[in-house]
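Residue numbers (the working numbering), protein chains in the order written: chain X, 128 to 243; chain P, 0 to 177; chain L, 50 to 523. For reference, the structure discussed in these notes is given below.
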Amino acid sequence: MNEGFLLTALATAVVLVVAGSVIALIVAPRTKNEQKGEPYECGVLTRGGTWMPFRVGYYLFAILFLMFDVETIYLFPWAVVMKGMGMQGLIVVGLFIVILALGLAYAWKKGALEWK
Amino acid sequence: MDIASITASQVIFFILAAVILAGSVMTVVSRKLLHAAVYLLFVLLATAGIYFLLNYHFLAAVQISVYIGGILVLLVFSIYLTSQVGEKMDEPGIVKKTVTMLISMGGAVFCFWVLCTGQFPYADQIHLNEIDMHAIGQSLLGTERYQYLLPFEAISVLLLACIIGGILIATGNTKKED
Amino acid sequence: MNDLVQLMRPEMLLLAQVVFLLLFDLFAPDRARRHTDAVACALFLASIAVGFLPSTTGEAFGGMFTVTAMTQVVKNVLSIGLLLVFLQSRVWLSDERTSFKKAEFYILTLSTLLGMNLMISAGHFLLFYLGLELASLPLTTLVAYNKYSDESIEAGAKFVLIAAFSSGMMLFGISLFYGAAGADGLYFDVLSSRLAATPLQLLALVFFLSGVAFKISLVPFHLWTADVYQGAPTSVTAFLSVVSKGAAVFALMFLSFRLFAPLFEYWQYVVWALVVLTITIGNLFAMRQDNMKRFLAFSSISQAGYILLGMIAGTPLAMSSVVYYLLVYLVSNLGIFAVVSILENNSGKVHISDYRGLYRTNPYLSVVLMLFLFSLGGIPPFAGFFSKFFVFMAAADQGFYVLDFIALINTVISLYYYLLVVKAMFIADSENPIPTLHTDSWSRLCLTLCLVGTLFFGVFSGIYAFLSSGAWGL
């Protein structure tokens, strides 16, 4: 990779961000009032704590997503050499996918894909 | 090291290394779980940056899509699952802090010293050019030496077991338990 | 191809069973699914039988996967251990709180066993690491199986953290090996020829061994053991303390005999210290326990010390004595766990003080438990005596007399606490002892098998001779 280019890009990014904030700090007019501290500047006031436990369903989806995310990663290198690998490649990747598909089947059957 | 001979890639490496180091320390030191997760994000991103620097583009992409897109999101979700989200964890006592710091710093310095004085006689074997996706595919699916079909299949079983285990722990039950 | 099927037969059979049981659980009608345990056990029994058929040895995948006569033997030993766990876990699994996730227990334990097999046969760090992860991650779920019990969840959390931490240490060690021996040094055969005891390699060895020591729960890497053993369901504890620990021991054994042979004189010192610490501290803490599962946790820690004592010699004699020790430990310890889980499932009691007066209400169970405890303690006519004897012999053979002496003193100490349990059952009296129990036929079968092993492994010298025929030294 062209390091000079990368370094320039990096420096530009840093300079742009820093310059933006510094200039804003110097020239921007400032006012303070209570409304600015609220989550929404308009609408109904929020009540109670905003931190609350999520439902476990989100977590389930995340874990399933992660598993199949990893699976997809492994399919990329195969996809590139698919033609050259022929039948053998198809079989080994087939085994890989079938085993993971069993995981999906399990999730499906056990109701992990339903939103409860 | 001579100042004049520092290349751009070395500068980038040091920036990334600093981000990784600072991020790791903050991840451990931060008393809020969510903050720790965000610091971890920087560590993972900078690690991906190092892979890019080494021309391991595929690995860098994996790092970003799996670790940042997957594991970190999972981590944040599981932090939100806890009932004390947003609460600060208890601060450990000063004695505990000091002793832990001394031990871990001592260990780190010792490892650093061994690594710095150590010899790497086979370092020239490691490729630093970009590795072609074809080569990765070939070695992932081949059965010869330096090819990794067996670990590849083992991963599928590992993932299957993790899916089953994760669902088993996370789903509600159809029948009641104690 | 035919060769590959021969070499990987146990692994392929395990994979087939995992897939079959998963499909069976998902798609079989409810009526058939009630017999999941029978199906799983029958299949597994068949696969063990196949495992004893003669098969070839050699390498596959370019040195990634190696099979020797000894790896075949230890895989069979672990499979037998898992079968015994299956037999004794049936009552717990049939409970209405766990019966709906019965199949998962079998699927996860079988995939764990698959991981152990890969770890044992690995010829490359990548496969070793994956096998290790496969052998420990699903176990987390099993440890936290009673997920509405706080203890079980706590144990699961501790276990997953320790698993991650020890894997991290091990990976760091592996990365140092990678640095010190080059990219193809991840293959064991290449690495062993490049080991030259440089500081870097020794540091790598230390990190790597620490990672493995966590799995075997050697002192000072044992702190998780008691809590996890106590919190996990008893059958899972049995699996952890025998099969899982056994697999890690075997993996360490093959690695140290094959891979770390050039560093032998260095790790010998480390192992010396670990043996003394592990046996002594395990014993001292075991004396103080009242909860039977914690008691067994510390007892299994000290047993791990004896196993390591066998390994220190590095001779073929050492290898066969370690495998023999583990075989005997497997039947004795699983026998104890079978009795403990029978008592726990029926009366909910797991404390040694609850066992008072057990002899009057449950004479058979008490006698059987006594025999297993005697075997574990190393009292003469039982197999445990011979296994300890061989381990001591192997160490003495290479001149480790001091170490043997320390271990011998510790054996006497260990008799004290094993006899404490016996005393509680036979001599101490109780107002309300555990009532007379009905033992189900599966647990009975498990107890019988363990008892036969405990009584006859010592007497039949053929087993030991068979083990030493496949052993090799440094």
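All residues carry an ideal CB built from backbone N, CA and C; glycine is no exception. Computed from a predicted model, the values in this text were never measured in an experiment.
Whose C-beta lies closer than 6 Å to the C-beta of L/L376 among residues of the same chain, with five residues either side of it excluded?
-> Position 327 of the third sequence, counted from the first residue, corresponds to residue 376 of chain L. Same-chain partners within the cutoff: V126.
Whole-angstrom distance between L/F434 and L/L422, CA atom to CA atom | Numbered from its first residue, the third sequence carries residue 422 of chain L at position 373. Numbered from its first residue, the third sequence carries residue 434 of chain L at position 385. One C-alpha to the other measures close to 11 Å.
Pick helix, strand or coil for L/A246, following the three-state DSSP scheme.
-> On the third sequence, residue 246 of chain L is found 197 positions in, with the first residue counted as 1. Coil at L/A246, not helix or strand.
Compare the beta carbon distance of L/A322 and L/Q447 with 8 Å and say whether it is the shorter of the two.
-> As a position in the third sequence, residue 322 of chain L is number 273, starting the count at 1. As a position in the third sequence, residue 447 of chain L is number 398, starting the count at 1. In this structure, L/Q447 does not lie closer than 8 Å to L/A322 by Cβ.
Local Cβ density within 10 Å of P/Q118, reported as buried at 16 or more and exposed below that | Position 119 of the second sequence holds residue 118 of chain P. It is exposed - the Cβ of P/Q118 has fewer than 16 other Cβ atoms within 10 Å.
Span of the alpha helix (DSSP H) around L/G359 = To locate residue 359 of chain L, count along the third sequence from 1; it is residue 310. L/G359 -> alpha helix (DSSP H) spans 341-360.
Straight-line gap, P/S155 to P/I163 (C-alpha atoms, nearest Å) | Numbered from its first residue, the second sequence carries residue 155 of chain P at position 156. Numbered from its first residue, the second sequence carries residue 163 of chain P at position 164. About 12 Å.
Locate the alpha helix (DSSP H) running through P/A21, then write down its first and last residues.
-> Within the second sequence, residue 21 of chain P is the residue found at index 22, counting from 1. Note, P/A21: alpha helix (DSSP H), 7-28.
Which of the three DSSP states, helix, strand or coil, is assigned to L/A89?
-> Here residue 89 of chain L corresponds to residue number 40 of the third sequence, with the count starting at 1. Reduced to three states, the DSSP call for L/A89 is helix.
Under 8 Å between C-beta atoms of L/L425 and L/N382 | In the third sequence, counting from the first residue as 1, residue 425 of chain L sits at position 376. In the third sequence, counting from the first residue as 1, residue 382 of chain L sits at position 333. Result yes, Cβ atoms of L/L425 and L/N382 sit closer than 8 Å.
Span of the alpha helix (DSSP H), counted from its first residue to its last, around L/A525 | The structure shown does not extend to residue 525 of chain L, since chain L spans only 50 to 523, so no value can be given for it.
Step through the CB atoms of chain P and report whether any lies within less than 8 Å of the CB of X/A136.
-> Indexing the first sequence from 1 puts residue 136 of chain X at position 9. X/A136 does not count as touching chain P.
Alpha-carbon to alpha-carbon, L/F208 and X/A140 = For the purposes of this step, residue 140 of chain X is taken as the residue at position 13 of the first sequence. For the purposes of this step, residue 208 of chain L is taken as the residue at position 159 of the third sequence. So the alpha carbons of these two residues sit roughly 44 Å apart.
Mapping DSSP to helix, strand and coil, what is L/E108?
-> Within the third sequence, the letter at position 59 stands for residue 108 of chain L. DSSP places L/E108 in strand when its eight states are reduced to three.
Chain P within 8 Å of L/K150, Cβ atoms only = To locate residue 150 of chain L, count along the third sequence from 1; it is residue 101. Output row for L/K150: interface = yes.
With 8 Å as the threshold, decide whether the Cβ of P/F41 is near any Cβ in chain L.
-> By 1-based counting over the second sequence, the position of residue 41 of chain P is 42. Taking Cβ atoms only, chain L never reaches closer than 8 Å to P/F41, which makes this a no.
Cβ shell of L/S390 (< 8 Å), same chain only, five flanking positions each side left out | If you number the third sequence from 1, residue 390 of chain L lands on position 341. Once the five neighbours on either side are set aside, the close Cβ partners of L/S390 are Q137, S138, V140, W141, T283, S284, A287, S492.
My guess is that L/L167 and L/E60 are in contact by the Cβ rule of under 8 Å, so how many angstroms apart are they, rounded?
-> For this step, residue 167 of chain L is matched to residue 118 along the third sequence. For this step, residue 60 of chain L is matched to residue 11 along the third sequence. About 7 Å separates the two Cβ atoms, so the contact holds.
Under a CB-based cut-off of 8 Å, is L/L175 close to chain P?
-> The sequence position of residue 175 of chain L within the third sequence is 126, counting from 1. Judged by the 8 Å Cβ criterion, L/L175 is in contact with chain P.
Look at the Cβ atom of P/I5, then the Cβ atom of P/V42, and state whether they are nearer than 8 Å.
-> As a working mapping, residue 5 of chain P is identified with position 6 in the second sequence. As a working mapping, residue 42 of chain P is identified with position 43 in the second sequence. For P/I5 and P/V42, no; Cβs fall outside 8 Å.
How big is the Cα-Cα spacing for L/Y465 and L/M57?
-> As a first step, residue 465 of chain L is located in the third sequence; it is residue number 416 there, counting from the start. As a first step, residue 57 of chain L is located in the third sequence; it is residue number 8 there, counting from the start. L/Y465 and L/M57: Cα-Cα distance of roughly 45 Å.
Using 8 Å as the limit for Cβ to Cβ distance, is L/M168 near chain P?
-> In the third sequence, residue 168 of chain L corresponds to position 119, counting from 1. Cβ-Cβ to chain P under 8 Å: no for L/M168.
Exposed unless 16 or more other CB atoms sit within 10 angstroms - verdict on X/Q215 = Along the first sequence, read from residue 1 onward, the residue named residue 215 of chain X stands at position 88. With fewer than 16 other Cβ atoms within 10 Å, it is exposed.
C-alpha gap between L/F313 and P/H34, whole angstroms | Here residue 313 of chain L corresponds to residue number 264 of the third sequence, with the count starting at 1. Here residue 34 of chain P corresponds to residue number 35 of the second sequence, with the count starting at 1. Between L/F313 and P/H34, the C-alpha separation is close to 46 Å.
Does the beta carbon of P/Q137 come closer than 8 Å to any beta carbon on chain X?
-> Counting from 1 along the second sequence, the entry for residue 137 of chain P is found at position 138. Cβ-Cβ to chain X under 8 Å: yes for P/Q137.
When you compare only the Cα positions, how much space is there between L/E112 and L/G172?
-> Your numbering for residue 112 of chain L matches position 63 in the third sequence. Your numbering for residue 172 of chain L matches position 123 in the third sequence. A small fix is needed here, since residue 112 of chain L is Gly in this sequence, not Glu. The alpha-carbon atoms of L/G112 and L/G172 are separated by roughly 6 Å.
Under 8 Å by beta carbon: chain X residues contacting P/S23 = As a first step, residue 23 of chain P is located in the second sequence; it is residue number 24 there, counting from the start. Neighbours of P/S23 on chain X: none; closest Cβ ~21 Å, over 8 Å.
Spatial distance of L/V501 from L/S349 (CA atoms) | Within the third sequence, the letter at position 452 stands for residue 501 of chain L. Within the third sequence, the letter at position 300 stands for residue 349 of chain L. Rounded to the nearest angstrom, the two C-alpha atoms are 21 Å apart.
Backbone CA spacing between P/T99 and P/V113 [nearest angstrom] | The residue labelled residue 99 of chain P in the question sits at position 100 within the second sequence. The residue labelled residue 113 of chain P in the question sits at position 114 within the second sequence. Cα to Cα, the separation comes out at about 21 Å.
Apart from the five residues just before and just after L/T247, which ones in its own chain have a Cβ nearer than 8 Å to its Cβ?
-> Here residue 247 of chain L refers to the residue found at position 198 of the third sequence. Cβ neighbours of L/T247 beyond the five flanking positions: A229.
How about L/M183 and P/A153: are their beta carbons less than 8 Å apart?
-> Against the third sequence, residue 183 of chain L aligns to sequence position 134. Against the second sequence, residue 153 of chain P aligns to sequence position 154. Looking at the sequence shown, residue 183 of chain L is not Met but Leu. Yes, these two residues count as a Cβ contact at 8 Å.
Could you give the uninterrupted runs of the beta strand (DSSP E) lying entirely in the region 49-136 of chain P, keeping only those of 3 residues or more?
-> none
Rounded distance between the beta-carbons of L/G295 and L/G130, thought under 8 Å = For the purposes of this step, residue 130 of chain L is identified with residue 81 of the third sequence, where counting begins at 1. For the purposes of this step, residue 295 of chain L is identified with residue 246 of the third sequence, where counting begins at 1. Going by Cβ atoms, the distance from L/G130 to L/G295 rounds to 6 Å, so yes, they are a contact pair.
Between the region 100-118 of chain P and chain L, which residues of the former have CB atoms less than 8 Å from a CB of the latter, in chain order?
-> C110, V113, L114, T116, G117, Q118
Answer with yes or no whether the minimum CB distance from P/L159 to chain X is below 8 Å.
-> For this step, residue 159 of chain P is matched to residue 160 along the second sequence. For P/L159, the answer is yes, since a Cβ of chain X falls inside 8 Å of its Cβ.
At what residues does the alpha helix (DSSP H) containing X/F195 begin and finish?
-> In the first sequence, counting from the first residue as 1, residue 195 of chain X sits at position 68. X/F195 -> alpha helix (DSSP H) spans 183-236.
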